[in-house]
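Novice: Protein chains in written order, with our numbering: chain A, 1 to 204; chain B, 1 to 204; chain C, 1 to 204; chain D, 1 to 204.
Backbone N, C-alpha and C fix where the C-beta goes; we use that ideal spot for every residue, glycine too.
Being a predicted model, the structure only gives us computed values, none of them experimental.
Protein chains: 4
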Amino acid sequence: MKKVNVRKPGAGRPRDEDVTRQIRAAAMELGLESGFDGLSIEAVAAHAGVGKTTIYRRWRNVWSIVADAVLDDVAKLAPLQEQSTARGSLAASMRLAARYFRGPRGKVLRALIGRAQVDRTLHKALIEQWLLARRNVTREFVRRGIAKGELRPDLDPDIVIDALYGPLYHQLLLPYDSGHGDLSDAYVDALVETVFAGLERKGE
Amino acid sequence: MKKVNVRKPGAGRPRDEDVTRQIRAAAMELGLESGFDGLSIEAVAAHAGVGKTTIYRRWRNVWSIVADAVLDDVAKLAPLQEQSTARGSLAASMRLAARYFRGPRGKVLRALIGRAQVDRTLHKALIEQWLLARRNVTREFVRRGIAKGELRPDLDPDIVIDALYGPLYHQLLLPYDSGHGDLSDAYVDALVETVFAGLERKGE
Amino acid sequence: MKKVNVRKPGAGRPRDEDVTRQIRAAAMELGLESGFDGLSIEAVAAHAGVGKTTIYRRWRNVWSIVADAVLDDVAKLAPLQEQSTARGSLAASMRLAARYFRGPRGKVLRALIGRAQVDRTLHKALIEQWLLARRNVTREFVRRGIAKGELRPDLDPDIVIDALYGPLYHQLLLPYDSGHGDLSDAYVDALVETVFAGLERKGE
Amino acid sequence: MKKVNVRKPGAGRPRDEDVTRQIRAAAMELGLESGFDGLSIEAVAAHAGVGKTTIYRRWRNVWSIVADAVLDDVAKLAPLQEQSTARGSLAASMRLAARYFRGPRGKVLRALIGRAQVDRTLHKALIEQWLLARRNVTREFVRRGIAKGELRPDLDPDIVIDALYGPLYHQLLLPYDSGHGDLSDAYVDALVETVFAGLERKGE
DNA sequence: GTATAAACGAGACGGTACGTCAGGTCTTTCT
DNA sequence: AGAAAGACCTGACGTACCGTCTCGTTTATAC
Chain A
1 MKKVNVRKPG AGRPRDEDVT RQIRAAAMEL GLESGFDGLS IEAVAAHAGV
51 GKTTIYRRWR NVWSIVADAV LDDVAKLAPL QEQSTARGSL AASMRLAARY
101 FRGPRGKVLR ALIGRAQVDR TLHKALIEQW LLARRNVTRE FVRRGIAKGE
151 LRPDLDPDIV IDALYGPLYH QLLLPYDSGH GDLSDAYVDA LVETVFAGLE
201 RKGE
Chain B
1 MKKVNVRKPG AGRPRDEDVT RQIRAAAMEL GLESGFDGLS IEAVAAHAGV
51 GKTTIYRRWR NVWSIVADAV LDDVAKLAPL QEQSTARGSL AASMRLAARY
101 FRGPRGKVLR ALIGRAQVDR TLHKALIEQW LLARRNVTRE FVRRGIAKGE
151 LRPDLDPDIV IDALYGPLYH QLLLPYDSGH GDLSDAYVDA LVETVFAGLE
201 RKGE
Chain C
1 MKKVNVRKPG AGRPRDEDVT RQIRAAAMEL GLESGFDGLS IEAVAAHAGV
51 GKTTIYRRWR NVWSIVADAV LDDVAKLAPL QEQSTARGSL AASMRLAARY
101 FRGPRGKVLR ALIGRAQVDR TLHKALIEQW LLARRNVTRE FVRRGIAKGE
151 LRPDLDPDIV IDALYGPLYH QLLLPYDSGH GDLSDAYVDA LVETVFAGLE
201 RKGE
Chain D
1 MKKVNVRKPG AGRPRDEDVT RQIRAAAMEL GLESGFDGLS IEAVAAHAGV
51 GKTTIYRRWR NVWSIVADAV LDDVAKLAPL QEQSTARGSL AASMRLAARY
101 FRGPRGKVLR ALIGRAQVDR TLHKALIEQW LLARRNVTRE FVRRGIAKGE
151 LRPDLDPDIV IDALYGPLYH QLLLPYDSGH GDLSDAYVDA LVETVFAGLE
201 RKGE
């Protein structure tokens with residue numbers, strides 16, 4: 001999302017990285033306190049003590065700033081966690097994701113996913129830098145589970161992940177408030193249990 | 001979402017329902033052809049050949065018009081379908097939902113859910129008039145499945161529905177384009193199969 | 001300079017003439033106190049307590065406002081004065097013009113003529129509404145002087161007026177500060193005397 | 001107008017006079033082809049292939065560049081010409097001035113005088129380097145004419161010059177397009193004739 | 001029938017933000 | 001130390017819409 005600077009070096013004054021950070025911070029701060037809707041370049045510039053041009057030189061619109069700020073530290077904030085079993089890895093990682101969703105950054109992610117429905121570039125960035133970055137790792141959890149005989153051999157990893165994470169995104173974006181709609185660890189555990197065991201009544 | 005009209009009736013010229021329909025239509029048309037982002041009251045008014053006041057008299061903002069247009073015909077366009085088994089009912093209804101998501105209205109729903117992340121009123125309307133309206137019926141499918149011994153007796157209906165529909169919304173909003181990311185009937189069927197059977201390898 | 005409003009009447013809210021006057025006044029006030037250079041639409045709007053659009057709806061740029069304000073009351077402020085002789089009429093009118101040039105409006109006129117050198121529309125407006133409006137009357141003074149035998153019959157009225165008023169504009173725009181460079185009545189009188197009598201030494 | 005360079009010589013890299021000339025030329029070229037209004041330092045720098053700083057090091061603003069370019073060659077381009085009689089000297093010099101006014105440089109002079117109405121520094125420069133430079137010489141023409149008995153002994157040289165040159169500037173800045181408004185030689189001759197002979201009908 | 005009252009189209013109004021341009025300064029590297 | 005490049009803050013540009021407010025007109029009920 002950041003403008004790549006391919007240019008013969010040494011020409012002109014270099015971009016000030018401090019300024020870049022200030023802008024990112026200002027955008028997040030303003031967004032979190034007064035809502036990401038109505039977040040304007042003008043306000044961010046003022047709050048960061050920066051000219052508008054300085055912002056436009058780096059990003060094309062407000063959402064790019066926010067996306068930049070969020071996607072920069074995906075890995076740190078909602079990490080994936082491998083354990084000895086596939087079920088363990090998935091459950092642990094889902095709990096961490098749910099925790100992230102519940103926190104203040106969850107609000108930002110919601111706004112970002114929301115805006116992405118109407119902004120192709122952001123949509124692409126989100127899928128590539130957020131979704132697929134995580135899924136590529138998660139798929140391996142599933143594959144290893146299958147290989148080790150833990151999981152059914154005929155499973156499609158992506159469908160498995162959809163069945164587990166889909167509900168999480170659903171609760172993030174459309175929480176219908178029904179007892180466990182708060183993305184609690186209990187909800188995650190119940191969900192994992194349900195999906196792993198299946199819906200059908202066993203035996204006889 | 002529509003402004004309630006508390007007034008002694010018969011006084012003054014009545015609202016023209018044709019005008020209301022024209023505005024709704026104009027909003028949808030403009031949104032579908034040039035994107036719901038950037039859809040402005042001014043443009044809708046011009047396209048509908050109507051004064052701005054006439055719109056503000058009925059709705060508080062553009063998104064209310066769109067929500068109104070969409071939520072009006074939820075039941076008709078993505079109906080729920082009961083069959084003899086819970087699995088049958090759920091699978092059939094999910095296929096209809098997926099079809100709706102794939103169609104032109106899916107684009108609108110995406111935009112609406114997106115916008116709702118940042119607009120409390122819309123968020124509430126969407127959950128109540130769209131999500132819960134459907135879920136209340138769907139829950140019965142699950143309950144009857146349990147009652148009939150078709151499904152595990154310890155299931156939480158909401159978690160079941162999350163596990164089945166969550167992936168659908170996930171694919172609607174963040175399609176990561178991986179083979180079956182197109183909300184096809186095949187995807188729905190694979191998903192149903194996976195969730196119903198569970199992930200674990202059955203003992204010997 | 002004012003936008004002519006040819007439109008079926010009764011359509012829409014009418015322009016507010018008070019607002020128009022406020023804007024004109026604000027422009028003049030700001031210009032006189034802080035210089036017409038650097039006079040911005042934004043400042044005028046702020047000072048008049050008016051939105052920018054409201055200004056753009058009436059004029060295309062700041063100079064049009066000023067021209068509008070000045071040219072509106074040309075006739076009142078630097079009137080032409082007919083007397084019994086051509087010389088009397090010309091001298092009296094020139095004194096009034098000089099007085100106008102000396103006053104606060106002279107500063108505005110200077111700025112306006114200055115700007116006109118670089119703005120075709122303004123140039124045209126100035127010549128038509130200011131210069132020719134006056135000259136058409138002044139020419140009659142000269143013609144009548146010729147008819148009455150007061151002035152040489154072979155004179156070209158325009159050259160006569162140039163010889164008399166040219167110096168006045170010259171002193172307005174490029175005052176070289178040389179004793180009588182202040183557009184005083186004495187200067188006007190000396191000028192009239194010199195031009196009327198001619199430069200040549202009369203043959204004995 | 002040029003920044004004077006009082007500095008111990010040999011310290012650092014010397015100013016490149018070629019660069020100075022390029023900038024002057026670029027300013028004139030851009031001004032003549034796309035109007036002196038809207039002439040920007042940025043554009044001049046780009047057109048001259050020069051950094052903005054390099055310009056600011058020499059001049060304080062665009063108009064200083066233009067003034068510099070014009071005033072540099074006043075003497076060459078609109079010279080004063082002494083002849084045997086005062087009338088001859090004045091008429092000849094006025095024709096040369098009129099020719100200059102008509103030419104491409106006249107457009108620049110107009111713009112400069114225009115801008116000077118709103119820019120004190122430029123105003124001062126113009127009066128000193130252009131107007132007074134010429135007038136000091138012209139005054140001698142008049143004085144000698146008086147001394148030789150050619151002209152009335154009671155004349156004020158400045159008023160004489162105003163009466164003759166005033167109309168020229170008037171026609172330059174506010175050409176009202178009336179037959180001879182084109183600063184032609186014929187116009188100059190008619191003007192000289194009129195002013196020298198005076199307006200009054202002679203004797204009997 | 002004639003008030004009265006609201007809806008309606010048009011468009012003016014005070015605003016906010018947009019994205020761009022230029023101003024003048026500062027900072028870097030190269031000459 | 002000069003020069004070219006370009007980042008930086010500032011402030012104005014002219015435009016698009018916002019939501020509110022007149023206007024004159026139309027369309028209904030109620031007196």
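Can you find at least 3 beta carbon pairs, one from the segment 155-168 of chain A and one from the segment 87-97 of chain A, that sit closer than 8 angstroms?
Specialist: Yes, the segment 155-168 of chain A touches the segment 87-97 of chain A.
Novice: Alpha carbon to alpha carbon, how far is D37/A from A147/B?
Specialist: Near 46 angstroms, if we compare the C-alpha coordinates of A147/B and D37/A.
Novice: Compare the Cα-Cα distances from P14/C to each of L183/C, A43/C, R24/C, R57/C and report the closest residue.
Specialist: Nearest C-alpha to P14/C: R57/C.
Novice: For chain C, check one thing: does any of its Cβ atoms lie closer than 8 angstroms to the Cβ of T121/D?
Specialist: With 8 angstroms as the cut-off, T121/D does not count as an interface residue toward chain C.
Novice: So, does the CB of I65/C fall closer than 8 angstroms to a CB anywhere in chain D?
Specialist: No, no contact with chain D.
Novice: Could you tell me whether the Cβ of Q81/D comes closer than 8 angstroms to any Cβ of chain C?
Specialist: No, Q81/D lies away from the interface with chain C (no Cβ there is under 8 angstroms from its Cβ).
Novice: Within the same chain, show all residues whose beta-carbon is closer than 8 angstroms to that of L32/C, passing over the 5 residues directly before and after it, in chain order.
Specialist: P104, K107, V108.
Novice: Does any residue of chain A have a CB that is nearer than 8 angstroms to the CB of R102/B?
Specialist: By this cut-off, R102/B is not an interface position.
Novice: Please report how far the alpha carbon of V66/A lies from the alpha carbon of V44/A, in whole angstroms.
Specialist: Their backbone Cα atoms lie some 11 angstroms apart in a straight line.
Novice: For a quick check, are the C-beta atoms of F196/C and G198/D less than 8 angstroms apart?
Specialist: The answer is yes: Cβ separation under 8 angstroms.
Novice: What did DSSP end up calling E224/D once you bin it into helix, strand or coil?
Specialist: Outside the displayed span of chain D (1 to 204) sits residue 224/D, for which this structure offers no information.
Novice: Helix, strand or coil: which one does DSSP assign to L168/C?
Specialist: Of the three classes helix, strand and coil, the one that applies to L168/C here is helix, per DSSP.
Novice: Just verifying my parser: in three-state terms, what is the DSSP assignment at L183/D?
Specialist: It is coil, neither helix nor strand.
Novice: Counting only Cβ pairs nearer than 9 angstroms, list the residues of chain B close to Q129/A.
Specialist: What Q129/A touches in chain B: nothing, since even the nearest Cβ is about 12 angstroms away.
Novice: Among all the DSSP beta bridges, which residues are the ones paired with L151/D?
Specialist: In DSSP, L151/D forms a bridge with E200/C.
Novice: Roughly how far, in whole angstroms, is the beta-carbon of Q81/B from the beta-carbon of A48/B, given that I think they are within contact range, below 8 angstroms?
Specialist: Not quite, the Cβ-Cβ distance comes to about 35 angstroms (not below 8 angstroms), so this is no contact.
Novice: In chain order, which alpha helix (DSSP H) runs of at least 4 residues are fully inside the segment 39-120 of chain A?
Specialist: Those alpha helix (DSSP H) runs which fall completely within the segment 39-120 of chain A and span 4+ residues are 41-48, 52-56, 62-72, 74-77, 86-102, 104-116.
Novice: What in chain B is Cβ-close to L132/A, meaning under 7 angstroms?
Specialist: Going along chain B in sequence order, the residues near L132/A (Cβ under 7 angstroms) are Y176.
Novice: Output the distance between the C-alpha atoms of R144/C and R152/C, rounded to the nearest integer angstrom.
Specialist: Their backbone Cα atoms lie some 11 angstroms apart in a straight line.
Novice: Determine the chain C residues that contact E150/D at a beta-carbon separation under 7 angstroms, and present them in chain order.
Specialist: In chain order: R201.
Novice: Looking only at its own chain, which residues have a Cβ that is under 7 angstroms from the Cβ of A78/B, when we skip the five neighbours before and after it?
Specialist: Correct list, in chain order: L96, A97, Y100.
Novice: Please confirm whether L126/A and L172/B have their CB atoms less than 8 angstroms apart.
Specialist: In this structure, L172/B does not lie closer than 8 angstroms to L126/A by Cβ.
Novice: Would you mind reading off the limits of the alpha helix (DSSP H) that contains L30/D?
Specialist: Segment 17-34, the alpha helix (DSSP H) holding L30/D.
Novice: What does the alpha-carbon distance come out to for the pair Q83/A and S84/B?
Specialist: Those two C-alpha atoms are separated by around 42 angstroms.
Novice: Since R110/B contacts Q117/A with CB under 8 angstroms, what's their CB separation in whole angstroms?
Specialist: Their Cβ separation, rounded to whole angstroms, is 4 angstroms, which keeps R110/B and Q117/A in contact under 8 angstroms.
Novice: For L126/B, name the three-state secondary structure that DSSP assigns.
Specialist: In the structure shown, L126/B sits in a helix (DSSP, three-state: H, G or I).
Novice: When you compare each of L122/A, D154/A, A86/A, V19/A to T54/A by their alpha carbons, which one comes out closest?
Specialist: Closest by alpha carbon: V19/A.
Novice: Which of helix, strand or coil does DSSP assign to P175/A?
Specialist: Of the three classes helix, strand and coil, the one that applies to P175/A here is coil, per DSSP.
Novice: From E200/D to H170/D, what does the alpha carbon distance come to, in whole angstroms?
Specialist: Cα to Cα, the separation comes out at about 23 angstroms.
Novice: Mind pulling the chain C residues with CB within less than 7 angstroms of T194/D?
Specialist: Going along chain C in sequence order, the residues near T194/D (Cβ under 7 angstroms) are L155, I159, V160, A163.
Novice: Which one of A86/A, R24/A, S64/A has the shortest CA to CA distance from T138/A?
Specialist: Comparing Cα-Cα distances from T138/A to each of A86/A, R24/A, S64/A, the minimum goes to A86/A.
Novice: Is the beta carbon of M94/D sitting closer than 8 angstroms to the one on L155/D?
Specialist: It is not a contact, given that the beta carbons lie outside the stated cut-off.
Novice: For S34/B, count neighbouring C-beta atoms within 10 Å of its own C-beta (all shown protein chains included) and say buried if the count is 16 or more, exposed if not.
Specialist: So S34/B counts as exposed.
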